[in-house]
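S.K.: Quick note on numbering: the sequence shown equals residues -31 to -1, 1 to 404 in mature numbering (1 follows the signal peptide of the UniProt record, and there is no 0).
Think of the CB as a built atom: it goes at the ideal place given N, C-alpha and C, for glycine as much as any other residue.
Note that the structure is a prediction, hence the values are computed from the model and not measured.
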Amino acid sequence: MMAVWHARVGVACVLALLLVSCGGLLLIVDAAPCPSNSVFLHSQLHGEDYCVCAPGLSCFGKACSYGSSVNIDSFREDDVGFPWKCASCRCGHGTEMPTAPLGQRLLRLQASDALYPDYPDPTFDGMCRITGPAKHPPRALPNATWIHFPKCGTSFTSILYNYLCQGTDESLHLVGVSPTIEKEYFPRTCSFCYKPCNPGGKCKGFSTWAPHDGLVRPKRKNVPYETKMCVSDLIGVVNTHFPVTRKWLTINANIMAMFRNPLTRLRSAYNHARHAFGLSDRAKMVEETKQWSLKQWTTWPGVRGCQTKMVLGQHCGSKFELTAADLEEAKRRVDEHFAFVGLVEAWNTSACLFHRMFGGRIHDHEVLNLRPADPDRYASKFRIANDDDLHELTVADDPIDYALYEHVRAKFVRQLREYGIEVPASLTNPPDIYH
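#1: Got a sec, what are the start and stop residues for the beta strand (DSSP E) S43 sits in?
#2: With a CB to CB cut of under 6 Å and the five nearest residues on each side skipped, what residues in its chain are close to P193?
#3: L(-7) to L322, Cα distance in whole Å?
#4: Can you pull the DSSP bridge partners for I224?
#5: Leaving out five residues before and five after C(-19) in sequence, what residues of the same chain have Cβ atoms less than 8 Å from its Cβ?
#6: Any chance the region 78 to 95 sits against the region 270 to 289, with 3 or more Cβ pairs inside 8 Å?
#7: Span of the beta strand (DSSP E) holding Y388?
#8: Could you say if the region 3 to 16 and the region 74 to 82 meet the contact criterion of at least three C-beta pairs nearer than 8 Å?
#9: Would you kindly report the start and end of the unbroken alpha helix (DSSP H) that includes R236?
#10: Could you give the C-beta distance for M198 and G136, rounded to a whole number, given that I count them as a contact under 8 Å?
#11: Tell me, please, whether the region 314 to 331 touches the region 96 to 112 by the rule of three or more beta-carbon pairs shorter than 8 Å.
#12: So what does DSSP say about Q135, is it helix, strand or coil?
#13: Using DSSP with H/G/I as helix, E/B as strand and the rest coil, what is D87?
#14: Hey, how far is the Cα of R229 from the Cα of C275?
#15: Can you find the residues in the same chain that come closer than 6 Å, C-beta to C-beta, to L110, ignoring five residues on each side of it along the sequence?
#16: With contact counted as at least three CB pairs below 8 Å, one residue from each stretch, are the region 372 to 379 and the region 300 to 307 in contact?
#17: In terms of DSSP beta bridges, what is V280 paired with?
#18: Using 8 Å as the threshold, is the region 345 to 361 in touch with the region 230 to 242, meaning 3 or more CB pairs across them?
#19: Among S43, S319, A308 and A379, which residue has its Cα nearest to the Cα of M96?
#20: Going by the CB atoms, is the gap between M254 and L248 shorter than 8 Å?
#21: H210 and H360 look like a contact to me (Cβ under 8 Å); what is the Cβ gap, rounded to whole Å?
#22: In chain order, what residues of the same chain have a beta carbon less than 6 Å from the beta carbon of E387, not counting five sequence neighbours either side?
#23: Which partner residues does M198 have in the DSSP bridge list?
#24: Less than 8 Å separating the beta-carbons of I390 and F93?
#25: Which stretch, first to last residue, makes up the alpha helix (DSSP H) that contains F323?
#26: Drop a sphere of 10 angstroms on the beta-carbon of A1, count the other beta-carbons inside from all chains shown, and report buried for 16 or more, exposed for fewer.
#27: Only counting the same chain, and skipping five residues up and downstream in sequence, which positions put a Cβ closer than 7 Å to that of S38?
#28: Taking C-alpha atoms, which residue in D304, G30, S349 and N240 lies nearest to P119?
#29: Where does H360 sit, in a helix, a strand or coil, going by DSSP?
#30: Do S287 and G311 come within 8 Å of each other at the CB atom, strictly closer than that value?
#31: Would you give the residue range spanned by the alpha helix (DSSP H) that L203 belongs to?
#32: Here's the rule I'm using: 16 or more other beta-carbon atoms within 10 Å means buried, otherwise exposed. How should E305 be labelled?
#33: Taking 8 Å as the threshold (C-beta atoms), are P70 and F29 in contact?
#34: Determine the burial state of G61: buried for a count of at least 16 other Cβ atoms within 10 Å of its Cβ, exposed for fewer.
#35: Going straight from the alpha carbon of C33 to that of G50, what length do you get?
#36: Please determine, among E17, A242, Y132 and R251, the residue with the shortest C-alpha to C-alpha distance to F351.
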């Protein structure tokens, strides 16, 4: 039975437990709105975000509540949790009220008198440069999906996986992936998380060729792999280059994407065996352009406008002719339907913003390039572009994609400021080659 704390605890005592002085400066809401023995998710039953206790723990506090069958499996009838804003609520073992988690604080947002709990996240504190309080509290991310533009950050899979599949212990970091690990461990551990979230325990396209820290958990007695708790329903295919679908727009899915400067994206695609996912005559293009220059290759029908086309529901290599009206529609979709936009050029900052917006503890491997490009891989068969080739490109070589990128960059900078994260100088003063 759920244990509930009935002791009379005044506001002053609560603040004392939180190690915060009543007269102290209360500032920034960070990325950890829940204690480490719980996960941050949205309760459809309650219509608000909750801290859900790990399996086997009880909830203590006057705001504790059971879950419901209308929620995702991590917060059903036998699970307990509390509204994340309940600073006096706890998860713990036994029947006695646990003490306040070490380092727990009460913090304020910009221009707000409301107090919000915040918990230690040493990785976030060490990695993310904070300039001031956020304007908005973190919110759990239900109905999440990712649009993966080719050559725009496969490693975002790591951020997404560790957010959607959260545990209460440190994950085991895999330095390399052997064939045995790929065959035996990845499918099992991924299914452990997604079995309750997706029919049949399918991993919905999570790759095994890009090792994601946290897929393999430490072995325990009689339990070879530890189950993680899902904090969101996953909509659509993950880690494959499919565009935005009308279904996503209709159900208001929380779309996420890492955008990239089109000129560097084109060079990366060029060096990766002329990558152009969805191009109808790709075999012909590859054969005929092996010795073309980068600038010449961008003229092949379907190569330009990849990111804009995918936002509009077309494949990256589609020969769909983009217009000024299409650009405006793409901008509108980014503004109205994309819950998160990050930039490959500001990867670490993007990871910080993601967790600042949606909670969940950050992992240091989320800023690693899990699948670095290797131009030499294709050098024996293809001409490879260097920095001089890149400098030959101008905005005119991909004008619509560049215009969308500039729009996304402005939104990204605006959100960094809204959430009190330092804006990298490279975003306010981009290199000349991008113009």
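M.R.: Answer, in terms of the structure:
#1: The sequence position of residue 43 within the sequence shown is 74, counting from 1. Segment: none, S43 is in no beta strand (DSSP E) and carries neither H nor E.
#2: Sequence index remark: in the sequence shown, residue 193 carries index 224 (1-based). Unreliable placement is indicated for P193, whose pLDDT of 44 sits below 50; no coordinate value is reported for it.
#3: The residue given as residue -7 occupies position 25 in the sequence shown. The residue given as residue 322 occupies position 353 in the sequence shown. Low per-residue confidence applies at L(-7): pLDDT is 39, beneath 50, and the placement is therefore not dependable, though the value from the model is reported in the following sentence. Distance between the alpha carbons of L(-7) and L322: 23 Å.
#4: What you label residue 224 is simply residue 255 of the sequence shown in a count that begins at 1. The partner list for I224 (beta bridge, DSSP) reads T114 and F307.
#5: Along the sequence shown, one-based indexing puts residue -19 at 13. Legend: pLDDT at C(-19) = 35, less than 50; position of this residue unreliable, value from coordinates given subsequently. Cβ within range, chain order: n/a, list empty.
#6: no
#7: To locate residue 388, count along the sequence shown from 1; it is residue 419. It is not in any beta strand (DSSP E) - Y388 carries neither H nor E in the DSSP assignment.
#8: no
#9: To locate residue 236, count along the sequence shown from 1; it is residue 267. Per DSSP, R236 belongs to the alpha helix (DSSP H) from P231 to N240.
#10: Along the sequence shown, one-based indexing puts residue 198 at 229. Along the sequence shown, one-based indexing puts residue 136 at 167. Rounded, the Cβ-Cβ distance is 7 Å, consistent with contact.
#11: yes
#12: By 1-based counting over the sequence shown, the position of residue 135 is 166. DSSP places Q135 in strand when its eight states are reduced to three.
#13: Locating residue 87 in the sequence shown gives position 118, counting from the first residue. If DSSP states are grouped into helix, strand and coil, D87 belongs with the strands.
#14: Your numbering for residue 229 matches position 260 in the sequence shown. Your numbering for residue 275 matches position 306 in the sequence shown. Each residue's alpha carbon lies about 11 Å from the other.
#15: Position 141 of the sequence shown, counted from the first residue, corresponds to residue 110. S201, N223 and F327.
#16: yes
#17: By 1-based counting over the sequence shown, the position of residue 280 is 311. The partner list for V280 (beta bridge, DSSP) is empty, contrary to what the question assumes.
#18: yes
#19: Locating residue 96 in the sequence shown gives position 127, counting from the first residue. The candidate whose alpha carbon is nearest that of M96 is S319.
#20: On the sequence shown, position 279 is the one that residue 248 refers to. On the sequence shown, position 285 is the one that residue 254 refers to. Cβ atoms of L248 and M254: closer than 8 Å.
#21: Position 241 of the sequence shown holds residue 210. Position 391 of the sequence shown holds residue 360. Not quite, the Cβ-Cβ distance comes to about 27 Å (not below 8 Å), so this is no contact.
#22: Your numbering for residue 387 matches position 418 in the sequence shown. Within the same chain, E387 has close Cβ partners K104.
#23: Position 229 of the sequence shown, counted from the first residue, corresponds to residue 198. For M198, which the question treats as bridged, DSSP gives the partners Q135.
#24: Taking the sequence shown and counting its residues from 1, the one referred to as residue 390 is at position 421. Taking the sequence shown and counting its residues from 1, the one referred to as residue 93 is at position 124. Taking 8 Å as the Cβ cut-off, I390 and F93 do not qualify as a contacting pair.
#25: Counting from one through the sequence shown, the residue named residue 323 turns up at place 354. Unbroken alpha helix (DSSP H) run through F323: W316 to F327.
#26: In the sequence shown, counting from the first residue as 1, residue 1 sits at position 32. Buried, because 16 or more other Cβ atoms sit within 10 Å of the Cβ of A1.
#27: Walking along the sequence shown from the start, residue 38 turns up at place 69. The answer, listed in chain order, is R45 and E46.
#28: Translated into the one-based positions of the sequence shown, residue 119 becomes position 150. Selected option, being the one with the closest Cα: N240.
#29: Numbered from its first residue, the sequence shown carries residue 360 at position 391. Helix, per DSSP.
#30: Locating residue 311 in the sequence shown gives position 342, counting from the first residue. Locating residue 287 in the sequence shown gives position 318, counting from the first residue. No, they are not a contact pair.
#31: Against the sequence shown, residue 203 aligns to sequence position 234. First-last for L203: undefined, no H or E at that position.
#32: In the sequence shown, the residue the question calls residue 305 occupies position 336. Counting Cβ neighbours within 10 Å, E305 comes out exposed, since fewer than 16 surround it.
#33: The residue labelled residue 29 in the question sits at position 60 within the sequence shown. The residue labelled residue 70 in the question sits at position 101 within the sequence shown. It is not a contact, given that the beta carbons lie outside the stated cut-off.
#34: Reading the sequence shown from its first residue, position 92 is the one you call residue 61. Its Cβ being crowded by 16 or more others within 10 Å, G61 is buried.
#35: For the purposes of this step, residue 33 is taken as residue 64 along the sequence shown, with counting starting at 1. For the purposes of this step, residue 50 is taken as residue 81 along the sequence shown, with counting starting at 1. Taking the straight line from one Cα to the other gives about 6 Å.
#36: Here residue 351 is taken as the residue at index 382 of the sequence shown, counted from 1. Considering only alpha carbons, the answer is A242.
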